[in-house]
Amino acid sequence: MKNFLFCVLTIVCVGFMTSCDKEEVLSASDETVEQIIVSSNKTTLEENQIPEAITNLVATRFPNNWIEQVRLADGLGYEVWLDDYSELFFSTDGEFLREGAPLGRHGRRGNFGETIALEDLPTAITDYIAANYPDATAERARLGERGYLVGLDTGVSLLFDTEGNFEGERTCGGGDGERGRSIAIEDLPTTITDYVATNHPDTTIERAKYYPDGYKVKLEDGTKLAFDTEGNLLEV
């Protein structure tokens, strides 16, 4: 009986210590994310500078998205922005820390929740966009505990609180138009549409974006293609 009670107590203690260890790891992870967010020493990386561990994880866990921008906070880790406004955070070793920002002592907002249909936006938001951005069209929206994030086809994102009150603008990663703007498939250069028709005959173009240095195209089968401004293929 004593041996049985000893075994039970041992299991309970081990489980408690394991739980504490997990909490410490999570806390350390969140602390690193907070430090990355508030860091004033960030460097925007070129595409060929992004660690393979990051590109591999994004390709595996977020197959319907592409990376818009990666910034390295010196000595802390990486801040990664996807094309649907998601934020991902990685350690300096390329280890995935979490998606979105924790609500910590710095008062930062969390990740903007789930994608919602544009028709589900409060009228206060749609009215505000119509009045203040008459030449733009809402492209997509997300809703989280902090409020709404609405992306316009001009590359600008608008922040609203949960009541639909306007809070401000932002561009992905804090850049100037780096997120690109969505364009109609028929507006793509014919060199791009011809390339897709010839080399990917079993699928079609799902969506496309224009950037100052070229185009990015996502196909229905999940393939993503990058082209220069002349429509020449750069990367698959």
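The sequence shown begins at 797 in this note's numbering and counts up one residue at a time.
C-beta atoms are modelled at their ideal positions from N, C-alpha and C, and glycine is treated no differently.
Check: Hey, quick one: how far does the beta strand (DSSP E) through residue 942 stretch, first residue to last?
Finding: Mapped onto the sequence shown, residue 942 falls at position 146. Neither: residue 942 is in no beta strand (DSSP E) and is coded neither H nor E.
Checklist line | In chain order, each beta strand (DSSP E) run of at least 3 residues that lies wholly inside the segment 988 to 1028 | finding: 1001 to 1007, 1010 to 1015 and 1020 to 1023
Checklist line | Straight-line Cα distance separating residue 993 from residue 842 | finding: As a position in the sequence shown, residue 842 is number 46, starting the count at 1. As a position in the sequence shown, residue 993 is number 197, starting the count at 1. C-alpha separation (whole angstroms): 30 Å.
Margin query: In whole angstroms, give me the CA-to-CA distance for residue 997 and residue 847.
Written below: Stepping through the sequence shown from its first residue, residue 997 is reached at position 201. Stepping through the sequence shown from its first residue, residue 847 is reached at position 51. The alpha-carbon atoms of residue 997 and residue 847 are separated by roughly 32 Å.
Item checked: Of the residues 963, 860, 874 and 1010, the one placed nearest residue 890, counting alpha carbons only -> The residue you call residue 890 lines up with position 94 of the sequence shown. The residue with the shortest Cα to Cα distance from residue 890 is 874.
Margin query: Less than 7 Å between C-beta atoms, sequence neighbours within five positions excluded: which residues of the same chain meet that for residue 981?
Written below: Taking the first residue of the sequence shown as position 1, residue 981 is located at position 185. Cβ within range, chain order: 1001 and 1004.
Next item on the list: Count the CB pairs spanning the segment 929 to 938 and the segment 860 to 868 that are closer than 8 Å, and state whether there are at least three.
Entry: no
Check: Does the separation of the CB atoms of residue 1006 and residue 988 fall below 8 Å?
Finding: Taking the first residue of the sequence shown as position 1, residue 1006 is located at position 210. Taking the first residue of the sequence shown as position 1, residue 988 is located at position 192. Cβ distance not < 8 Å, so residue 1006 and residue 988 don't count as in contact.
Notebook entry, point to check: Starting from residue 1032 and walking both ways along the alpha helix (DSSP H), at which residues does that stretch end?
Noted result: Indexing the sequence shown from 1 puts residue 1032 at position 236. Here residue 1032 belongs to no alpha helix (DSSP H), and DSSP marks it neither H nor E.
Next item on the list: Please state whether DSSP places residue 950 in a helix, a strand or coil.
Entry: Your numbering for residue 950 matches position 154 in the sequence shown. In this structure, residue 950 counts as coil in the three-state DSSP scheme.
Next item on the list: Report the rounded CA-to-CA distance for residue 827 versus residue 876, giving the unit in angstroms.
Entry: The residue given as residue 827 occupies position 31 in the sequence shown. The residue given as residue 876 occupies position 80 in the sequence shown. If I take the Cα positions, the gap works out to 17 Å.
Next item on the list: Output yes or no for whether 8 Å exceeds the beta carbon distance between residue 858 and residue 878.
Entry: Start at 1 with the first residue of the sequence shown, and residue 858 comes out as number 62. Start at 1 with the first residue of the sequence shown, and residue 878 comes out as number 82. Contact: yes.
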